[in-house]
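Following the UniProt record's numbering, the numbering of the sequence shown begins with 1 at its first residue and continues without gaps.
In this text, a Cβ means the ideal position worked out from N, Cα and C, and glycines have one as well.
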Amino acid sequence: MDRYAVIYNPHSGQDHGESVGKKIEQALVKNQQTVELMPTKGPKDATRLAKKAAQAQFDIVVAVGGDGTINEVVSGLATLEQPPYLGIVPAGTVNNLARVLQIPLDIDQAIENLQQGHLQPLDVGQINDDYLISTMTLGILADAALNVTQSEKQKWGPLAFLNEGIRVLAKHQHYPLTIETPHRHWQKDTQFLLVTLTNSVGGFTKFNPEAQPDDGYFHVFVAPKMSLMRSAMFLPYFLTGNFKKIPGMTYFKADKITIARFI
Numbered sequence: 001m002d003r004y005a006v007i008y009n010p011h012s013g014q015d016h017g018e019s020v021g022k023k024i025e026q027a028l029v030k031n032q033q034t035v036e037l038m039p040t041k042g043p044k045d046a047t048r049l050a051k052k053a054a055q056a057q058f059d060i061v062v063a064v065g066g067d068g069t070i071n072e073v074v075s076g077l078a079t080l081e082q083p084p085y086l087g088i089v090p091a092g093t094v095n096n097l098a099r100v101l102q103i104p105l106d107i108d109q110a111i112e113n114l115q116q117g118h119l120q121p122l123d124v125g126q127i128n129d130d131y132l133i134s135t136m137t138l139g140i141l142a143d144a145a146l147n148v149t150q151s152e153k154q155k156w157g158p159l160a161f162l163n164e165g166i167r168v169l170a171k172h173q174h175y176p177l178t179i180e181t182p183h184r185h186w187q188k189d190t191q192f193l194l195v196t197l198t199n200s201v202g203g204f205t206k207f208n209p210e211a212q213p214d215d216g217y218f219h220v221f222v223a224p225k226m227s228l229m230r231s232a233m234f235l236p237y238f239l240t241g242n243f244k245k246i247p248g249m250t251y252f253k254a255d256k257i258t259i260a261r262f263i
């Protein structure tokens with residue numbers, strides 16, 4: 001018999017995190033597992049709850065919610081020498097990581113998948129004192145992500161990010177960056193920097209076919225300054241993959257990178 005700590009955001013996805021948490025509890029108890037529900041109460045609370053669950057020696061910590069909730073749970077477990085297993089039941093809007101790991105987006109199927117206990121390795125990146133499970137952006141992509149509201153994500157899913165990205169591109173902003181890796185130095189004005197650990201960004205799972213969630217690398221894309229018309233070239237590549245083939249795009253992978261703004 002395993003002990004499960006179920007951490008969930010009551011307001012994730014279509015605001016049905018609470019019902020999903022209880023459904024998981026019912027399924028696990030039916031299979032004679034021990035379960036404790038741990039609803040979050042605010043930002044970063046999932047990190048605190050994950051640490052609490054690990055200290056209480058739960059066997060499995062289940063993150064229920066979107067990518068933000070999962071990232072917070074991982075942040076609470078990443079520093080531990082022997083963390084409990086991480087379970088994922090996607091209940092967010094985009095569910096980027098769940099798509100990468102081929103976890104069913106249907107709640108009932110995801111719960112069944114959880115109980116079957118399929119183990120998968122997963123890279124976790126560290127950025128200063130924070131942790132990364134999927135994607136980090138600087139520049140216009142970050143601006144676009146910040147501008148997308150929860151209601152827009154619920155209504156449009158991944159397309160909400162594309163829509164806002166087009167709006168931000170029209171502002172012609174650029175950012176002077178220096179990037180260092182163990183094997184290269186890069187310094188230039190850029191419209192955006194994108195660092196991924198997987199082949200999916202914003203729910204588009206063909207973004208970078210080369211990347212794997214356990215390959216041990218940061219995959220880095222740096223876009224040069226360009227006109228709005230030229231930026232429109234991004235869309236078909238974004239939707240079909242091979243983003244790094246865009247003319248002028250710099251792509252590389254590394255297990256360690258340093259990013260700074262130059263003046």
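- Task: For my contact list, P209 and G248 are in at a C-beta cut-off of 8 angstroms; report their separation, rounded to the angstrom.
- Result: Counting from one through the sequence shown, the residue named residue 209 turns up at place 209. Counting from one through the sequence shown, the residue named residue 248 turns up at place 248. Taking C-beta atoms under 8 angstroms as the contact rule, P209 and G248 fail to qualify, at a distance of about 20 angstroms.
- Task: Please work out which residues of its chain come closer than 6 angstroms, Cβ to Cβ, to P27, disregarding the five sequence neighbours upstream and downstream, and give them in chain order.
- Result: One-based indexing of the sequence shown puts residue 27 at position 27. The question names Pro, yet the displayed sequence has Ala at residue 27. If we look at A27 and ignore the five residues flanking it on each side, its Cβ neighbours are I111.
- Message: Here's the rule I'm using: 16 or more other beta-carbon atoms within 10 Å means buried, otherwise exposed. How should R184 be labelled?
- Response: In the sequence shown, counting from the first residue as 1, residue 184 sits at position 184. That one is exposed.
- Item | DSSP-derived helix/strand/coil call for Q173 | Taking the first residue of the sequence shown as 1, we reach residue 173 at position 173. Three-state DSSP puts Q173 in coil, outside helix and strand.
- What's the C-alpha gap between D214 and K30? If you number the sequence shown from 1, residue 214 lands on position 214. If you number the sequence shown from 1, residue 30 lands on position 30. One C-alpha to the other measures close to 33 angstroms.
- Looking at C-beta atoms only, is the number of pairs between the region 175-193 and the region 245-259 that lie closer than 8 angstroms three or more? In short, these stretches touch, since the Cβ pair count reaches three.
- Determine, using beta carbons only, whether E3 and E36 come nearer to each other than 9 angstroms. Stepping through the sequence shown from its first residue, residue 3 is reached at position 3. Stepping through the sequence shown from its first residue, residue 36 is reached at position 36. The sequence given here places Arg at residue 3; Glu does not occur at that position. Yes, they are a contact pair.
- Message: I'd like to know whether the C-beta atoms of L86 and T137 end up nearer to each other than 9 angstroms.
- Response: On the sequence shown, residue 86 is found 86 positions in, with the first residue counted as 1. On the sequence shown, residue 137 is found 137 positions in, with the first residue counted as 1. Using a Cβ distance threshold of 9 angstroms, L86 and T137 do not count as a contacting pair.
- Are there 16 or more other CB atoms within 10 angstroms of the CB of Q191, so buried, or fewer, so exposed? Residue numbering aside, residue 191 sits at position 191 when the sequence shown is read from its first letter. Of the residues assessed, Q191 falls on the buried side of the cut-off, its CB having 16 or more other CB atoms within 10 angstroms.
- Compare the C-alpha of N95 against each of K206, S200, M226 and K51 and name the closest. Taking the first residue of the sequence shown as position 1, residue 95 is located at position 95. Considering only K206, S200, M226 and K51, the residue with the shortest C-alpha distance to N95 is S200.
- Item | 9 angstroms Cβ cutoff met for I60 and A5 | Mapped onto the sequence shown, residue 60 falls at position 60. Mapped onto the sequence shown, residue 5 falls at position 5. Result yes, Cβ atoms of I60 and A5 sit closer than 9 angstroms.
- Query: What's the gap between the Cα of L52 and the Cα of L77?
  - Reply: Against the sequence shown, residue 52 aligns to sequence position 52. Against the sequence shown, residue 77 aligns to sequence position 77. In the sequence under discussion, the amino acid at residue 52 is Lys, which differs from the Leu named in the question. In a straight line, the C-alpha of K52 is about 10 angstroms away from that of L77.
- Query: Is there at least one non-hydrogen atom of the ligand PLP closer than 8 angstroms to the beta-carbon of G42?
  - Reply: Ligands are entirely absent from the displayed structure, and the ligand PLP is therefore not among its contents.
- Message: Which residue wins for smallest C-alpha separation from Q212, given the options T34, I133, P83 and I107?
- Response: Your numbering for residue 212 matches position 212 in the sequence shown. Comparing Cα positions, the closest option is I133.
- Residues near H174 in its chain [Cβ-Cβ closer than 6 angstroms; skip 5 each side]: Taking the first residue of the sequence shown as position 1, residue 174 is located at position 174. In the same chain as H174, and ignoring 5 residues on each side of it, the C-beta atoms closer than 6 angstroms to its own belong to D189, Q191 and K225, in chain order.
- Would you mind working out which of K44, G68, P43 and M38 sits nearest F58, comparing C-alpha positions? Mapped onto the sequence shown, residue 58 falls at position 58. Checked all of K44, G68, P43 and M38; the closest Cα to F58 is M38.
- Same chain, Cβ closer than 8 angstroms to D45, neighbours up to 5 away in sequence not counted: Translated into the one-based positions of the sequence shown, residue 45 becomes position 45. Only E72 meet the Cβ criterion.
- Query: Would DSSP call residue 280 helix, strand or coil?
  - Reply: In this structure the chain extends from 1 to 263, so residue 280 is not present and cannot be described.
- Message: Going by DSSP, what residue range makes up the alpha helix (DSSP H) through V195?
- Response: Here residue 195 is taken as the residue at index 195 of the sequence shown, counted from 1. Here V195 belongs to no alpha helix (DSSP H); instead the beta strand (DSSP E) covers R184 to T196.
- Thinking C-alpha only, which one of A56, H16 and V222 is nearest I259? Reading the sequence shown from its first residue, position 259 is the one you call residue 259. Considering only alpha carbons, the answer is V222.
- Can you give, in chain order, each stretch of the beta strand (DSSP E) that sits fully within the region 2-69 and has at least 3 residues? Restricted to the region 2-69, the beta strand (DSSP E) segments that are unbroken, complete and at least 3 residues in length are 3-8, 34-39 and 60-65, listed in chain order.
- Query: Quick one: what's D130 bridged to in DSSP?
  - Reply: The residue labelled residue 130 in the question sits at position 130 within the sequence shown. DSSP lists I127 as the beta-bridge partner residues of D130.
- Are the Cβ atoms of G203 and R48 separated by less than 9 angstroms? Position 203 of the sequence shown, counted from the first residue, corresponds to residue 203. Position 48 of the sequence shown, counted from the first residue, corresponds to residue 48. Against a cut-off of 9 angstroms, the Cβ pair of R48 and G203 comes out as no contact.
- Distance, Cα to Cα, I7 vs L177? Within the sequence shown, the letter at position 7 stands for residue 7. Within the sequence shown, the letter at position 177 stands for residue 177. When rounded, the separation of the alpha-carbon atoms in I7 and L177 is 37 angstroms.
- Determine, using beta carbons only, whether V220 and T135 come nearer to each other than 9 angstroms. Reading the sequence shown from its first residue, position 220 is the one you call residue 220. Reading the sequence shown from its first residue, position 135 is the one you call residue 135. It is not a contact, given that the beta carbons lie outside the stated cut-off.
- Query: Could you check where the alpha helix (DSSP H) with V222 kicks off and where it finishes?
  - Reply: Indexing the sequence shown from 1 puts residue 222 at position 222. Taken as a continuous stretch (DSSP letters only), V222 belongs to no alpha helix (DSSP H), being part of the beta strand (DSSP E) at F218 to P224.
- Secondary structure at A110, three-state DSSP: helix, strand or coil? Counted from its first residue, the sequence shown places residue 110 at position 110. Looking at A110 - three-state DSSP - the assignment turns out to be helix.
- Query: Between K41, I103, Q33 and P83, which lies nearest to G17 when the distance is taken from Cα to Cα?
  - Reply: As a position in the sequence shown, residue 17 is number 17, starting the count at 1. Considering only alpha carbons, the answer is K41.
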